[in-house]
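Residue numbers (our numbering): 8 to 284. Everything below concerns the one structure shown next.
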């Protein structure tokens, strides 16, 4: 497996940034059985997004992602974003939506010509804020992705927060999202906008889009479970009216790497990216 830490300049962000890229081995051994090429000899690509308070190294540091990708012969791209960005074009910050949805895929294709740009060969997924980002980008650009994977997230603008003065945990940066990313007073004020997952789903349906498969996973004791359930219920209801391939699975667990590592392979399998071994 080849793992590359890339440092490069982004035109949309107007700054240098980073990403990790995993490339599969072409050799066959006890860890790999070749590359998952398409009919044109191009690679399938997983775009994997990190959560709030983390960065592009998280998936590498805390999971066996490399081994799982190697067994499936796929490439993986893990970009770095601001923890308050929520994968949007921030009102006070950087244009992370444009960067992830447009600039990054083009840049990676120029750098790695073997990457497929075909919809059926591209998948987007993430955990927590990254799961929200995967839903946002996947539903906004349904023609780009075969499937969306959302771990421990959902329509996070529905998350109920305690008063800001009472919060002294890792959630503290969450209070800046409304003002800095969305340009609203409270995060709930983003309902009915392009930052609302339910609104994005409805918009895609109104426009007759062929939606990616959607797979959601959440721990039964996760603090975002109510939001995850609400989002899943909404998608499930829409799937009875519109052709959407959707699954939602809950398991014992909380909002941590034990849960995400425990269900990462399952998500890849649900995408149809099954191990060659």
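Yeah, the Cβ is synthetic: ideal placement off N, Cα and C, and Gly gets one too.
Check your understanding: Within this structure, are the beta carbons of residue 190 and residue 98 separated by less than 8 Å?
Key -> Taking C-beta atoms as the reference points, residue 190 and residue 98 count as a pair closer than 8 Å.
Practice item. Report back the beta-carbon spacing between residue 249 and residue 239 to the nearest angstrom; my notes put them in contact at under 8 Å. Key: For residue 249 against residue 239, the beta-carbon gap comes to about 16 Å, at or over 8 Å, which does not count as contact.
Review point. If you draw a straight line from the C-alpha of residue 31 to the C-alpha of residue 24, how long is it?
Key: Rounded to whole angstroms, residue 31 to residue 24 spans 23 Å at the Cα level.
Review point. Looking at the structure shown, is residue 40 part of a helix, part of a strand, or coil, going by DSSP?
Key: Three-state result, residue 40: strand.
Review point. Hey, would you say residue 225 sits closer than 8 Å to residue 257, going by beta carbons?
Key: Yes.
Review point. Going by other Cβ atoms of all chains shown within 10 Å of its Cβ, with 16 needed for buried, is residue 41 buried or exposed?
Key: Residue 41 counts as exposed, since fewer than 16 other C-beta atoms from the protein chains shown sit within 10 angstroms of its C-beta.
Practice item. Give the single residue among 149, 106 and 247 whose Cα lies nearest to the Cα of residue 125. Key: Measuring from the Cα of residue 125, the nearest candidate turns out to be 149.
Check your understanding: Taking one C-beta from the region 93-110 and one from the region 137-156 each time, how about it: are there three or more such pairs within less than 8 Å?
Key -> Short answer: they touch.
Check your understanding: So what does DSSP say about residue 114, is it helix, strand or coil?
Key -> Reduced to three states, the DSSP call for residue 114 is helix.
Review point. For the beta strand (DSSP E) that contains residue 222, what are its first and last residues?
Key: Here the beta strand (DSSP E) through residue 222 covers 220-226.
Check your understanding: Residue range of the beta strand (DSSP E) that residue 23 falls in?
Key -> Looking at the DSSP string, the run of the beta strand (DSSP E) that includes residue 23 is 22-30.
Review point. Which residues in the same chain as residue 89 place their Cβ atom closer than 8 Å to its Cβ, once the five residues preceding and following it in sequence are excluded?
Key: So the list reads 97, 100, 101 and 103, once near-sequence residues are dropped.
Check your understanding: Expressed to the nearest angstrom, what Euclidean distance is found between the alpha-carbon atoms of residue 246 and residue 195?
Key -> CA-to-CA, the gap between residue 246 and residue 195 works out to about 25 Å.
Point to revise | Reference residue 262, options 45, 221 and 161, closest by Cα | key: Here the closest residue by C-alpha is 161.
Review point. Between the C-alpha atoms of residue 21 and residue 86, what's the straight-line distance to the nearest angstrom?
Key: Using only the alpha carbons, I get a separation of about 15 Å.
Check your understanding: According to DSSP, is residue 234 helix, strand or coil?
Key -> Of the three classes helix, strand and coil, the one that applies to residue 234 here is helix, per DSSP.
Practice item. Provide the residue span of the alpha helix (DSSP H) that contains residue 97, from first to last. Key: Neither: residue 97 is in no alpha helix (DSSP H) and is coded neither H nor E.
Point to revise | Proximity to residue 111 [Cα-Cα], best of 179, 270 and 14 | key: Closest by alpha carbon: 14.
Check your understanding: Within the chosen definition, does the region 130-141 reach the region 55-66 through at least 3 CB pairs nearer than 8 Å?
Key -> Yes, they touch.
Review point. Nearest to residue 167 by CA position, among 243, 71 and 231, is which residue?
Key: For the residues 243, 71 and 231, the minimum Cα distance to residue 167 belongs to 231.
Check your understanding: Nearest CA to the CA of residue 139: which residue from 8, 157, 205 and 81?
Key -> Of the candidates 8, 157, 205 and 81, 157 places its Cα closest to the Cα of residue 139.
Exercise for review: Measure from the alpha carbon of residue 323 to the alpha carbon of each residue in 17, 215, 264 and 279, then state which is nearest.
Suggested key: With the chain represented from 8 up to 284, any question about residue 323 goes unanswered, as that position is not in the structure.
Review point. In its own chain, which residues sit with a C-beta less than 8 Å from the C-beta of residue 259, not counting the 5 before and 5 after it?
Key: Annotation for residue 259: 226, 227 and 228 place their beta carbon closer than 8 Å to its own, counting only its chain and skipping 5 residues before and after.
Check your understanding: Would you report the Cα separation of residue 159 and residue 117, rounded to the nearest angstrom?
Key -> Cα-Cα distance, rounded: 33 Å.
Check your understanding: Closest to residue 10 by CA distance: which of 200, 27 and 16 is it?
Key -> It is 27.
**Study point:** Inter-residue spacing [alpha-carbon to alpha-carbon] between residue 203 and residue 164
**Key:** Cα to Cα, the separation comes out at about 7 Å.
**Study point:** Where residue 180 falls: helix, strand or coil (DSSP)
**Key:** DSSP, read as helix, strand or coil, puts residue 180 in helix.
Check your understanding: Can you name the residues that DSSP bridges to residue 13?
Key -> DSSP, once it has assigned bridges, lists 26 as partnering residue 13.
Review point. Distance, Cα to Cα, residue 221 vs residue 72?
Key: Answer to the nearest angstrom: the Cα atoms are 20 Å apart.
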